[in-house]
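Numbering (the numbering used here), first residue to last: 837 to 991. For each residue, glycine too, the CB sits at the ideal point set by N, CA and C. Below: the structure, in structure tokens.
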């Protein structure tokens, strides 16, 4: 908890984890692509983080682009369920970003959200595949623990 930086256990109540398809790479090397034999399962990382900090986790950011959005949500939710069943307290998953947006550095259309960029009339469309996958996953998830139950479970 890095006491030399002012960290102490009583100041940490939840740990946020961001996870995207391109989050794994070789030090000073290339990204390890999803599906590669060296790609580490998200469940293993969640279990390691939960064991290290002894606090409930929140998948604070996750998402993929274009046609990979629904499949990525399917993968992440399955990994979260597996980590929960192995003992990790995980409070929820946040699809991020929720809206498509223009690229930060090049203005390209980043199709990453549940909702599209607005059309000329300001209307947004729903990404049906992602919406349907989120609905499916909600049915598959065990009821997520309340923060109080998760805190008790984590200690």
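When 966, 973 and 936 are compared against residue 959, the one with the closest alpha-carbon = Stepping through the chain shown from its first residue, residue 959 is reached at position 123. Looking at the Cα atoms, 936 is the closest of the given residues.
inquiry  = Here's the rule I'm using: 16 or more other beta-carbon atoms within 10 Å means buried, otherwise exposed. How should residue 886 be labelled?
reply    = Taking the first residue of the chain shown as position 1, residue 886 is located at position 50. Counting the other Cβ atoms within 10 Å of the Cβ of residue 886 gives 16 or more, which makes it buried.
task = Taking all protein chains shown into account, decide if residue 879 is buried (16 or more other Cβ within 10 angstroms of its Cβ) or exposed.
result = If you number the chain shown from 1, residue 879 lands on position 43. Residue 879 should be labelled buried.
key: Cross-strand partners of residue 959 (DSSP beta bridge)   = In the chain shown, residue 959 corresponds to position 123, counting from 1. According to DSSP, residue 959 bridges with nothing at all.
ask   = With 16 as the cutoff for other CB atoms within 10 Å, does residue 929 come out buried or exposed?
value = The count along the chain shown starts at 1 and reaches residue 929 at position 93. Classification for residue 929: buried.
message = Let me confirm a value: residue 924 is counted as buried when at least 16 other C-beta atoms fall within 10 Å, else exposed. Which label applies?
response = In the chain shown, residue 924 corresponds to position 88, counting from 1. Buried, since its Cβ has 16 or more Cβ neighbours within 10 Å.
request  = Mark residue 915 as exposed unless 16 or more other C-beta atoms lie within 10 angstroms of its C-beta, in which case mark it buried.
outcome  = The residue given as residue 915 occupies position 79 in the chain shown. Classification of residue 915: buried, given that the 10 Å Cβ count is 16 or more.
ask   = What's the C-alpha gap between residue 965 and residue 951?
value = On the chain shown, position 129 is the one that residue 965 refers to. On the chain shown, position 115 is the one that residue 951 refers to. Distance between the alpha carbons of residue 965 and residue 951 is about 11 Å.
request  = For residue 961, count neighbouring Cβ atoms within 10 angstroms of its own Cβ and tell me buried if that reaches 16, exposed if not.
outcome  = Counting from one through the chain shown, the residue named residue 961 turns up at place 125. Classified as exposed, residue 961 has fewer than 16 neighbouring CB atoms from the shown chains inside 10 Å of its CB.
Boundaries of the beta strand (DSSP E) in which residue 926 is found, first to last residue = Reading the chain shown from its first residue, position 90 is the one you call residue 926. DSSP places residue 926 in the uninterrupted beta strand (DSSP E) bounded by 926-931.
request  = Compute the distance between the beta-carbons of residue 906 and residue 854, then report whether it is under 8 Å.
outcome  = As a position in the chain shown, residue 906 is number 70, starting the count at 1. As a position in the chain shown, residue 854 is number 18, starting the count at 1. No, they are not a contact pair.
ask   = Apart from the five residues just before and just after residue 867, which ones in its own chain have a Cβ nearer than 8 Å to its Cβ?
value = Position 31 of the chain shown, counted from the first residue, corresponds to residue 867. Counting only Cβ-Cβ distances below 8 Å, and skipping sequence neighbours, we find 858, 860 and 861.
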